[in-house]
Structure formats: C-alpha cells, structure tokens
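Visitor: Let me give you the structure first, and then I'll get to my questions.
Here it is in structure tokens:
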C-alpha cells in the first residue's frame, strides 16, 4: 500500500498513516526500513496487517519520489532523493 504520514511522535518512536477516513494505521520505528523516523506529509509504502491493536504498518519505506528540481532520479552517479530520512 502507499499513503502519506499523518502524524509522527519522535518521543514515542511511532505515528499514524493516513487511511482516507478509515481506521488509523499505526506505524512504529521498529517497522521502518532504511530510515530512523518519518516526517508528516512524506509518502510511504508499507504492508498493512490487522492485529488486536488495530491496523499496523509493517516494512515501511519511503516511496520513490521526484528530485527537488522536478526530474526523476537516475543517471550516472545520481542517488535517489530520500526526503525525510535520517540514517
């Protein structure tokens, strides 16, 4: 699935993903792939699991996005633009 980060609480190492008016999707730092925290508004890809606590996001990673100059990443020696990541 793909959606945007709705809330992130750095002091709790968790947050919520937008679910278009449905039940909140909880995301935890332990389920982040290649990043340490998320910023509100960043688009992420994830697997959604139903647990006793509700909807839980697993294997959460930043979605591939365009570079700041509007061009897609790629080419020789270029790295993907990873907005909102601290590794």
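In the numbering used here, the protein residues as written are 51 to 137.
The C-beta atom is built at its ideal place from N, Cα and C for all residues, glycine as well.
The structure displayed is predicted, hence computed values, not measured ones.
Alpha carbon to alpha carbon, how far is residue 77 from residue 85?
Guide: The residue you call residue 77 lines up with position 27 of the chain shown. The residue you call residue 85 lines up with position 35 of the chain shown. Those two C-alpha atoms are separated by around 13 Å.
Visitor: Kindly indicate which residue of 73, 95, 72 has the alpha-carbon position closest to the one of residue 54.
Guide: Along the chain shown, one-based indexing puts residue 54 at 4. When only C-alpha atoms are compared, the closest one is 95.
Visitor: Determine, using beta carbons only, whether residue 107 and residue 52 come nearer to each other than 8 Å.
Guide: Indexing the chain shown from 1 puts residue 107 at position 57. Indexing the chain shown from 1 puts residue 52 at position 2. Not in contact: residue 107 and residue 52 (Cβ atoms no closer than 8 Å).
Visitor: By the DSSP assignment, the beta strand (DSSP E) with residue 107 in it spans what residues?
Guide: The residue you call residue 107 lines up with position 57 of the chain shown. Residues 104–112.
Visitor: What does a CB cutoff of less than 6 Å around residue 69 pick up in its chain, not counting 5 residues either side in sequence?
Guide: Sequence index remark: in the chain shown, residue 69 carries index 19 (1-based). Excluding sequence neighbours, residue 69 sits near 75.
Visitor: Helix, strand or coil, according to DSSP, for residue 89 in the structure here?
Guide: Taking the first residue of the chain shown as position 1, residue 89 is located at position 39. Reduced to three states, the DSSP call for residue 89 is coil.
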